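Just so it is clear: in the sequence shown, position 365 is 1038 by our numbering, and no numbers are missing.
All C-beta atoms in this analysis are idealised placements derived from N, C-alpha and C, irrespective of residue type, glycine included.
All figures in this text were calculated on a predicted structure; none of them were measured in a lab.
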Amino acid sequence: MSSHTASVHFKVRVRDLHAHQWDVELVLQQPQELQRLTAWLDALRGFFNPTSVCLIAVGHETQTHTIDIAQPEACPHWRVATALHAVKTGANGFGLYQAANYDELADSPVEMADFWAGEFVARGVSHRVVVTGAAPSFDGERLLADMQKIVETEIRFWHSAGKPPHDRYVFLINAVADGYGGLEHSHSTALMCKRDDLPRTDQLALSDGYISLLGLISHEYFHTWNVKRLRPASFTHYDYTQENYTSLLWFFEGFTSYYDDLLLCRAELISPAVYLKLLGKTINGVLQTPGRQVHSVAQASLEAWTKLYRPDANSPNLSISYYAKGALVGLCLDLTLRKTGHHLDQVMRHLWQHCKAGPMNEEDLLNALKALTGRSWHREIKAWVHGTAELPLRELLHAQGVDIIEENSPLAQQLGLRVQENHAVQIQTVLNGSAAEIAGFAPGDEWLGVAITGNRRAPASAWRIKRIDQLPSLLGKHKNFTALISRDGRLLQLPLRMPTQSAKQWRLGIAQAHKVGLWLSGKQP
């Protein structure tokens, strides 16, 4: 992401009351600086989350809020896209908008640009799609058609033949040179993707990048139910003056991550084989992270503000993603339920109805599982969510007709390294207990070359490396060698030994098509 900012004139008299509170005496209409993560303004585009530019009028939070969005004189072709209710707007959407209260205003991002726009209707509800920054080859009609399949599949997941809980929805997609992510809102979502990941008119096949984008769209739209309405009890009333904590992100983000690609398969946008490839990637990511053995997903959820959003070089050794492992907890629950003739979809719908599309806690999930199966699930939740023992993935996948093929991991993973390779090998993370840790590697090192241990022909025994996958050709049959490292301007020689047993990763295949088909289609076992 770019760190550039765009400035416009702004005057304000502010008296500090608290770290997150100010007494504002006079505010002119324009903000001084807009940051890209929360707000952005330049000659190409304007975007803001109201939490970034609209201060709370203390004592008036529950009253109707209006916001007047003025069109910049230098940008006559810009239009506005937002889920806010229009009160009085011009042809391009600039003008007066209204929110029922500050919460609704805060939950309604605004996009301003000369964007591409399209629309489709699902279950009687308009879904608007805007894409800023698309190249001329962008295939908007294909994106619309694929997004409609996702939306209709997810509405059917939650409501069978009913309507969704929202009366309108807006997808705000910002296509950039390099970026990925999304943020859910009750009636919209703000997404960022690589420009190259958008579908092209000259490309019929699904690219990996486009599949990733569709998965992101599926993920954020699923949040319309699972986090924006069905939400942690601690989020019943938002406190904008501080971080809001919950130990349930493994459910709200993790289970959403379990369903995002699965629902692409149910929408027939990807094949079962492609889905299993994506699932295998998630499984390998968790199994190759030592932090899973010391950090539970419940802890990871509660510490999101201090760990997930503030990662460092040692994070993989000390923490686990509640997105990835939470998704695997959802997988394990689903496949375990299927042994009893039930499935996780039923649990999600039970929670939606029982909690009245509102606040919930972990006990509600346990009650839903017991109501469905007649037995307690405390043991599984304690082990899988609050513990750090390995999940029973192999057993459950085999029982569901999935074949697990073990293959050698990439060489960097076998050595215990996470690296960045761009004309040089930069060490980002050294994994606990690995050969690289034993040798003395450290984050920030640059791996310059290798020398074969015990070879007296000095000129021929030392080699420069730019990629770790060069090692087999340079070392031949030698297992012991010296790594030449640059650290803080000094050169080091670290004795390194190749692992005698190669670390493995999983590749998933279909052993019993009928069983796999029942699972992926969401049909009763």
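Does the beta-carbon of residue i have 16 or more other beta-carbons within 10 angstroms, so that it is buried, or is it exposed?
i	result
PHE984	According to the sequence shown, residue 984 is Pro rather than Phe. When all chains shown are included, PRO984 counts as exposed.
THR1173	exposed
THR739	exposed
PRO704	For PRO704, the pLDDT reaches just 45, beneath the cut-off of 50, and the residue's location in the model is therefore unreliable, leaving the point undetermined.
TYR982	exposed
LEU701	With a pLDDT of 40 at LEU701, under the threshold of 50, the predicted position of this residue should be treated as unreliable, and no value is reported.
HIS691	exposed
SER992	buried
VAL967	exposed
GLY999	buried
LYS980	buried
HIS682	Because the pLDDT at HIS682 is just 41, under 50, the model does not fix this residue reliably, and the value given afterwards should be weighed accordingly. So HIS682 counts as exposed.
ASN990	buried
ILE828	buried
PRO860	Inspection of the sequence shows that residue 860 is occupied by His rather than by Pro. The residue in question, HIS860, is buried, as its Cβ has 16 or more Cβ neighbours within 10 Å.
VAL760	exposed
LEU877	exposed
GLY835	exposed
SER944	exposed
HIS693	exposed
LYS901	buried
GLY621	This structure does not reach residue 621, given that the chain is present from 674 up to 1198, and the question cannot be answered.
ALA977	buried
ALA1109	buried
ASP715	exposed
HIS1051	exposed
GLY1031	exposed
Between the options, which has its C-alpha nearest residue i's C-alpha?
i	options	result
GLY1162	LEU889, LEU1181 and GLY1117	GLY1117
ALA619	GLU857, SER1159 and GLY1106	The structure shown does not extend to residue 619, since the chain spans only 674 to 1198, so no value can be given for it.
PHE830	GLU1063, LEU936, ALA850 and SER1146	LEU936
PHE720	GLN694, THR755 and ASP741	THR755
ALA1135	LYS1150, PHE1154 and ALA743	PHE1154
TRP1192	ASP1018, PRO1145 and GLU1053	ASP1018
HIS858	TYR894, LEU1090 and THR874	TYR894
TYR995	GLY958, ASP875 and LEU757	GLY958
LEU1045	VAL1020, TRP1179 and ASN899	VAL1020
CYS727	VAL783, VAL760, CYS748 and HIS758	VAL783
ASN917	PRO905, TYR853 and GLY927	PRO905
GLY854	VAL824, LEU1090, GLY888 and LEU949	GLY888
GLN1034	MET865, ILE1138, GLY835 and ASN899	Before going further, note that residue 1034 is Asn rather than Gln in the sequence given. Nearest option by C-alpha distance: ASN899.
ALA786	VAL803, TRP751 and LYS761	TRP751
LYS1188	ASP881, ILE1141, LYS1012 and GLU1080	LYS1012
HIS758	ARG718, ASP840, THR826 and ARG1180	ASP840
GLN1026	GLN744, LYS822, HIS832 and HIS860	HIS832
ASP881	VAL947, THR737 and ILE823	VAL947
ARG1140	VAL753, GLY1122, GLN1197 and ILE828	GLY1122
GLU1106	LEU1165, LEU1010, ILE884 and PRO963	Reading the sequence as shown, one finds Gly at residue 1106 and not Glu. That would be PRO963, whose Cα lies nearest to the Cα of GLY1106.
ARG1022	ALA1041, GLU926 and LEU1008	ALA1041
THR874	TRP713, VAL802, GLY835 and ALA808	ALA808
PHE844	GLN821, THR826, ALA940 and GLY852	GLN821
TYR842	LEU903, ASP870 and HIS896	HIS896
LYS1029	ILE1183, LEU903, TRP789 and GLU1119	LEU903
ALA790	THR826, VAL804 and SER781	VAL804
Since residue i sits in a beta bridge, which residues does DSSP pair it with?
i	result
LYS761	LEU769
TYR775	Paired residue(s): none; TYR775 is not in a bridge.
ASN1081	LYS1177
TYR842	HIS800
HIS1016	Answer is none; HIS1016 lacks a bridge partner.
GLY791	VAL802
THR1215	It is not possible to answer for residue 1215, since the shown part of the chain is limited to 674 through 1198.
ASN1135	One point to set straight first is that residue 1135 is Ala, not Asn, in the sequence displayed. Partner(s): ALA1124.
TRP713	PHE720
ASN1040	Paired residues: none, contrary to the question.
SER1159	GLU1119 and LEU1164
MET1033	PRO905
Please report the Cβ distance between residue i and residue j, rounded to the nearest whole angstrom; I am assuming they are in contact, meaning their Cβ atoms lie under 8 Å.
i	j	result
SER1049	LYS1043	6 Å
GLY813	ASN847	Their Cβ separation, rounded to whole angstroms, is 15 Å, which puts GLY813 and ASN847 out of contact at 8 Å.
PRO723	LEU778	5 Å
LEU672	ALA1112	Any answer about residue 672 is impossible in this case: the structure gives the chain only from 674 up to 1198.
LEU1066	CYS1005	7 Å
ILE1138	ALA1115	With 8 Å as the limit, ILE1138 and ALA1115 do not qualify as a contact, their Cβ atoms being about 18 Å apart.
PRO872	ARG815	5 Å
GLN1197	GLY1014	7 Å
GLU1079	LYS1177	4 Å
Worksheet item: For the 8 Å Cβ check, are there 3 or more pairs between the region 758 to 769 and the region 717 to 737?
Response: Here the region 758 to 769 does not lie against the region 717 to 737, with fewer than 3 beta-carbon pairs under 8 Å apart.
Worksheet item: So, do the region 960 to 980 and the region 913 to 923 have three or more beta carbon pairs nearer to each other than 8 Å?
Response: In short, these stretches touch, since the Cβ pair count reaches three.
Worksheet item: So, do the region 768 to 776 and the region 784 to 800 have three or more beta carbon pairs nearer to each other than 8 Å?
Response: Too few Cβ pairs lie closer than 8 Å, so no.
Worksheet item: Given 8 Å as the limit, is there contact between the region 928 to 943 and the region 1051 to 1069, that is, 3 or more CB pairs closer than that?
Response: The region 928 to 943 makes no contact with the region 1051 to 1069: fewer than 3 CB pairs, one atom from each, lie closer than 8 Å.
Worksheet item: Counting Cβ pairs closer than 8 Å, one from the region 1067 to 1080 and one from the region 1175 to 1194, do we hit at least three?
Response: Touching, yes, given that three or more Cβ pairs across the two stretches are closer than 8 Å.
Worksheet entry | Contact between the region 865 to 879 and the region 909 to 916 (3+ Cβ pairs under 8 Å) | No contact exists between the region 865 to 879 and the region 909 to 916.
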